[in-house]
Amino acid sequence: MHSSMVRTCLQLSTHSRTNWVYHRSIPIRTSRNLTSEAASPDKKTLPTKSQYVLQRSSQLTPHPSKLSPERENTVAEPIFNPNDQSTHAVGRPVVHSNEEPFDYEKFYQHELEKKHQDKSYRSFNNINRLAAKFPIAHTADPKHEVTVWCSNDYLGMSKHPMVLESMQNTLTRYGAGAGGTRNIAGNAALHLSLESTLAELHRKESALVFSSCYVANDATLSTLGAKLPGCVFFSDSSNHASMIQGIKHSRAEKVIFQHNDLVDLESKLSCYPKDRPKIIAFESVYSMCGSVGPIEAICDLAEKYGAITFLDEVHAIGMYGPRGAGVAEHCDFEAQSKGGRKGSVMDRIDIITATLGKAYGVVGGYIAGSRSLVDMVRSYAPGFIFTTSLPPAIVSGALTAVKYQMNNLDDRRLQQLNTIELKNTLVNQLDLPVMSNPSHIVPILIGDPAKAKLASDLLLSKHDIYVQSINYPTVPKGEERLRITPTPGHSVDQQTKLIEALDSVWKELKLDRTEDWKRLGGRAGVGVSAGMDRHAVQEERIWTDEQLGLVDGTHPIRIGRDRSGLHLDSNHIRSHQQRSTILSSQENSVQFDLELNPVHPALNRAPATSSVSVEYTISKDHQAVV
């Protein structure tokens, strides 16, 4: 009698809620099988010492008595060592010997030791940011104050007085918690208002708020990948862990393309039929290197090959675009300033995901897209359904921050000016290995995990500056770095101190500068030309001089600051004040308020003791008139 090779999940016990099942089936040799096989020596036989193991399964399967005779004649293939006699073949209780139980603590320590050995073990610094002194924080010692240069609170909105007032009022009225999931007692008018505002921000039909953008990415991608029939993901090799996990959890097919490589992406898209569901998942600003995704070109490929686009704007939201909607909005700056248009880059993106916890200074994440797509995710995503909704005070603060940035350009403009100046000084004066990029991120390559941590520790202990080192697995091994993020709240004095401290640390630790990396052949875009390394990116900024209010479109007026203060290079206008704040910009006019103290309208500080305004206009012959 022949034996069956039917695959099945066979439930062996109905006496508990745990299903112990065989996951793959191969024949059981019965006495009749043996007789038959003996008569047919050409047939393969099973090893005499084969052992079979059980695994847990959450799937409900028929009881053995209800299976056909052919299916009853199946067991699982061996998973563990066949010679391990403690493993039982047919599900009967294992006879325990006097051996010791598994040492869990030893296992944990072993895994941690591997982290220590490769220098990727992470130690958390005790940093307590002070709202009234932004960007100052104190360490474990309240008397030890440091300047924070690595926060993702990019615009200082976490301590904006309007945000704080909104949160305080909401906390008093509605209490601390949401009271439940969105489906059960946790769906308030504030949540609906925030989602409506976010949809308006991205000019989409609908939006959905999650507890974090990690959850938003994971839940959305896993749901889409599981639901779309035969879905294939095309994922940028530098995508965030949340996107990688979401794709993994979907169990859909995935194809990884080289970072920002359109040729590689198209070659892989072309291998699949146009009618098969496909999702291209990528980011606008990649947080650890500062590179920017080719959004418009990816939209072109998506339309050509029948794919939809999933764009992560986490590190761009609030930072780019006339209303702060991100790089996709910034691609059509003029049109978006006038209300947007059909067919714009942002309009062509199918799914936009972003955070409320970086430029907006609060916490939470969200997606924006078509009404049907958002409703499907709302209805099917466990990461949304089975978690308590965000507290009302958090939602209120986020809503205030979003609305404020939708109507104010000043913060992101000043942040860009601070970033431009810092990059120029580090690169041109100190030859520090800044990884070239067009965004607001300032990554400085070190290339060794131990040295990166030592540099961070030295900045903190010796110079009262906090810049966290970035090691594997956040960045590839050998590309360890410091990641600096200027804000509108950093003063000229603070920036000068940072520059001097970095130079001192590089000298003390004998770290490689750009010229050194050139001699070593370059790494991560440092010391190589853009055509020689896939990490090297364009140096042209996302924000143009015109968008920053510094030019009429043809005649650039460069703005920079030396140690004495602010100067406009094209006119040799100099001032010895410490800080510039953009008050207003019109089509052909820009006004600056040069203040003695480091004050900005978005910061909760005392007013300046004295100030002087300088207004200049671009004349028809493109000369600046003061």
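Just so you know, we're using the UniProt record's numbering here: the sequence shown kicks off at 1 and counts up by one.
For every residue, glycine included, the Cβ atom is placed at its ideal position computed from N, Cα and C.
Original post:
Are there 16 or more other CB atoms within 10 angstroms of the CB of His572, so buried, or fewer, so exposed?
Top reply: By 1-based counting over the sequence shown, the position of residue 572 is 572. Caution applies to His572, whose pLDDT of 29 falls short of 50 and renders its modelled position unreliable; the value that the coordinates give is listed next. Burial call: exposed.
Original post:
Per DSSP, what kind of secondary structure is Asn128 in: helix, strand or coil?
Top reply: Along the sequence shown, read from residue 1 onward, the residue named residue 128 stands at position 128. Three-state result, Asn128: strand.
Original post:
To which residues does DSSP link Gly365 through a beta bridge?
Top reply: The sequence position of residue 365 within the sequence shown is 365, counting from 1. In DSSP, Gly365 forms a bridge with Phe210 and Thr355.
Original post:
Do Ser389 and Ala178 have their C-beta atoms within less than 8 Å of each other?
Top reply: Stepping through the sequence shown from its first residue, residue 389 is reached at position 389. Stepping through the sequence shown from its first residue, residue 178 is reached at position 178. Yes; because the gap between Cβ atoms is below 8 Å, this pair is in contact.
Original post:
CB-CB under 6 Å to Glu329, same chain, minus the five flanking residues each way: which ones, in chain order?
Top reply: Taking the sequence shown and counting its residues from 1, one reaches residue 329 at position 329. Residues of the same chain with a CB within less than 6 Å of the CB of Glu329, apart from the 5 flanking positions on each side, are Gly321, Gln336 and Met346 in chain order.
Original post:
So Leu460 and Ser469 are in contact, right, with Cβ under 8 Å, and what is the actual spacing, rounded?
Top reply: Taking the sequence shown and counting its residues from 1, the one referred to as residue 460 is at position 460. Taking the sequence shown and counting its residues from 1, the one referred to as residue 469 is at position 469. In this structure, Leu460 and Ser469 do not form a Cβ contact; the two beta carbons are roughly 10 Å apart against a cut-off of 8 Å.
Original post:
Can residue 631 and Leu265 be called in contact, C-beta distance under 8 Å?
Top reply: As shown, the chain starts at 1 and ends at 626. That puts residue 631 outside it, with no answer to give.
Subject >> First through last residue of the beta strand (DSSP E) which encompasses Val377 >> reply: For the purposes of this step, residue 377 is identified with residue 377 of the sequence shown, where counting begins at 1. DSSP places Val377 in no beta strand (DSSP E) but in the uninterrupted alpha helix (DSSP H) bounded by Arg371 to Tyr380.
Original post:
Closest to Asn125 by CA distance: which of Ile465, Leu198 and Phe384 is it?
Top reply: The residue you call residue 125 lines up with position 125 of the sequence shown. It is Ile465.
Original post:
Quick one: what's Lys477 bridged to in DSSP?
Top reply: Position 477 of the sequence shown holds residue 477. DSSP output for Lys477 lists no bridge partner at all.
Original post:
Using the C-alpha atoms, what's the distance from Thr355 back to Asp275?
Top reply: The residue labelled residue 275 in the question sits at position 275 within the sequence shown. The residue labelled residue 355 in the question sits at position 355 within the sequence shown. Roughly 32 Å separates the two Cα atoms.
Subject >> Per-residue DSSP class, three states only, for Tyr466 >> reply: Your numbering for residue 466 matches position 466 in the sequence shown. In this structure, Tyr466 counts as strand in the three-state DSSP scheme.
Subject >> 8 Å Cβ cutoff met for Arg523 and Glu479 >> reply: Here the question's residue 523 lines up with position 523 in the sequence shown. Here the question's residue 479 lines up with position 479 in the sequence shown. Inclusion of Arg523 and Glu479 in the CB contact set at 8 Å is warranted, their separation being smaller than that value.
Original post:
Going by C-alpha distance, which of Asp350, Gly521, Gly489 and Lys423 is nearest Glu540?
Top reply: As a position in the sequence shown, residue 540 is number 540, starting the count at 1. Here the closest residue by C-alpha is Lys423.
**OP:** Can you give me the Cβ contacts of Thr474 inside the same chain, cut-off strictly under 7 Å, excluding the 5 residues immediately before and after it?
**Re:** Here the question's residue 474 lines up with position 474 in the sequence shown. Only Met288 meet the Cβ criterion.
**OP:** Could you say which of Ala316, Ile279 and Asn260 lies nearest to Ala297 if we only look at CA atoms?
**Re:** Here the question's residue 297 lines up with position 297 in the sequence shown. The shortest CA-to-CA distance from Ala297 to any of Ala316, Ile279 and Asn260 is the one to Asn260.
**OP:** Report all residues from its chain with a CB closer than 7 Å to the CB of Pro142; omit the five preceding and five following residues, and keep chain order.
**Re:** Position 142 of the sequence shown, counting from 1, holds the residue named residue 142. Closer than 7 Å at the Cβ level, and outside the excluded window around Pro142, lies no residue.
**OP:** Note down, in chain order, each residue of its chain lying with its Cβ closer than 8 Å to the Cβ of Gly364, except the 5 sequence neighbours on either side.
**Re:** Translated into the one-based positions of the sequence shown, residue 364 becomes position 364. So the list reads Val209, Phe210, Ser211, Ser212, Cys213, Thr355, Leu356, Gly357, Leu390, Ile394, Val395 and Ala398, once near-sequence residues are dropped.
Original post:
Under the rule that 16 or more other beta-carbon atoms within 10 Å means buried, what is Gln117, buried or exposed?
Top reply: Here the question's residue 117 lines up with position 117 in the sequence shown. Here Gln117 is exposed. Its C-beta has fewer than 16 other C-beta atoms within 10 Å.
**OP:** Report the residue ranges of all beta strand (DSSP E) runs contained in full by the segment 101 to 183; include only those spanning at least 3 residues, in chain order.
**Re:** Counting whole runs of 3 or more residues, the segment 101 to 183 contains the beta strand (DSSP E) stretches 136 to 138 and 145 to 148.
**OP:** Could you check what DSSP says for Gly560 in three-state terms: helix, strand or coil?
**Re:** Along the sequence shown, one-based indexing puts residue 560 at 560. Legend: pLDDT at Gly560 = 46, less than 50; position of this residue unreliable, no value from coordinates given.
**OP:** Taking all protein chains shown into account, decide if Pro476 is buried (16 or more other Cβ within 10 angstroms of its Cβ) or exposed.
**Re:** In the sequence shown, the residue the question calls residue 476 occupies position 476. Pro476 comes out exposed.
Subject >> Bounding residues of the beta strand (DSSP E) (the contiguous stretch that carries Ile444) >> reply: By one-based count along the sequence shown, residue 444 stands at place 444. Start and end: Val442 to Leu445.
Subject >> Own chain, CB closer than 8 Å to Glu405, minus 5 neighbours either side, in chain order >> reply: What you label residue 405 is simply residue 405 of the sequence shown in a count that begins at 1. One point to set straight first is that residue 405 is Gln, not Glu, in the sequence displayed. Excluding positions up to five away in sequence, the list reads Leu155, Met157, Gly318, Arg323, Gly324, Ala359, Tyr360, Asp411 and Arg412.
**OP:** Indicate the three-state DSSP secondary structure (helix, strand or coil) for Val95 in the structure shown.
**Re:** By 1-based counting over the sequence shown, the position of residue 95 is 95. In the three-state reduction of the DSSP assignment, Val95 falls in the coil class.
Subject >> Expected contact under 8 Å - CB spacing of Arg251 and Ala226 to nearest Å >> reply: What you label residue 251 is simply residue 251 of the sequence shown in a count that begins at 1. What you label residue 226 is simply residue 226 of the sequence shown in a count that begins at 1. With a Cβ gap of about 7 Å, Arg251 and Ala226 count as contacting.
Original post:
Using DSSP with H/G/I as helix, E/B as strand and the rest coil, what is Ala281?
Top reply: Residue mapping note: residue 281 aligns to position 281 of the sequence shown, counting from 1. Strand.
Subject >> Nearest-angstrom Cβ-Cβ length linking Glu205 and Arg371, presumed shorter than 8 Å >> reply: Taking the first residue of the sequence shown as 1, we reach residue 205 at position 205. Taking the first residue of the sequence shown as 1, we reach residue 371 at position 371. The beta carbons of Glu205 and Arg371 sit about 4 Å from each other, so the pair counts as a contact at 8 Å.
Original post:
Grouping DSSP H, G and I as helix and E and B as strand, with all else coil, what is Leu310?
Top reply: Here residue 310 is taken as the residue at index 310 of the sequence shown, counted from 1. With the sequence shown as reference, residue 310 is identified as Phe, and Leu is not the correct amino acid for it. Under the three-state reduction of DSSP output, Phe310 falls in the strand class.
Original post:
Short check: CB of Ala455 to CB of Asn471, under 8 Å?
Top reply: Residue 455 sits at position 455 when you count from the first residue of the sequence shown. Residue 471 sits at position 471 when you count from the first residue of the sequence shown. Their beta carbons are not under 8 Å apart, which means Ala455 does not touch Asn471 by this criterion.
Original post:
Which residues does DSSP pair with Ser235 in a beta bridge?
Top reply: Taking the sequence shown and counting its residues from 1, the one referred to as residue 235 is at position 235. Paired residues: Ile256 and Ala281.
Original post:
What three-state label does DSSP hand Gln59 in the structure shown?
Top reply: Taking the first residue of the sequence shown as position 1, residue 59 is located at position 59. Reliability fails at Gln59, whose pLDDT of 46 lies under 50, so the model's placement of it is uncertain and the value that follows must be treated cautiously. Of the three classes helix, strand and coil, the one that applies to Gln59 here is coil, per DSSP.
**OP:** Pick helix, strand or coil for Ile317, following the three-state DSSP scheme.
**Re:** Mapped onto the sequence shown, residue 317 falls at position 317. If DSSP states are grouped into helix, strand and coil, Ile317 belongs with coil.
**OP:** Kindly list the residues whose CB is nearer than 6 Å to the CB of Ile244, restricted to its own chain and excluding five residues on each side of it in sequence; keep chain order.
**Re:** Within the sequence shown, numbered from 1, the residue matching residue 244 stands at position 244. Closer than 6 Å at Cβ, skipping near neighbours: no residue.
Original post:
Are there 16 or more other CB atoms within 10 angstroms of the CB of Val292, so buried, or fewer, so exposed?
Top reply: The count along the sequence shown starts at 1 and reaches residue 292 at position 292. It is buried - the Cβ of Val292 has at least 16 other Cβ atoms within 10 Å.
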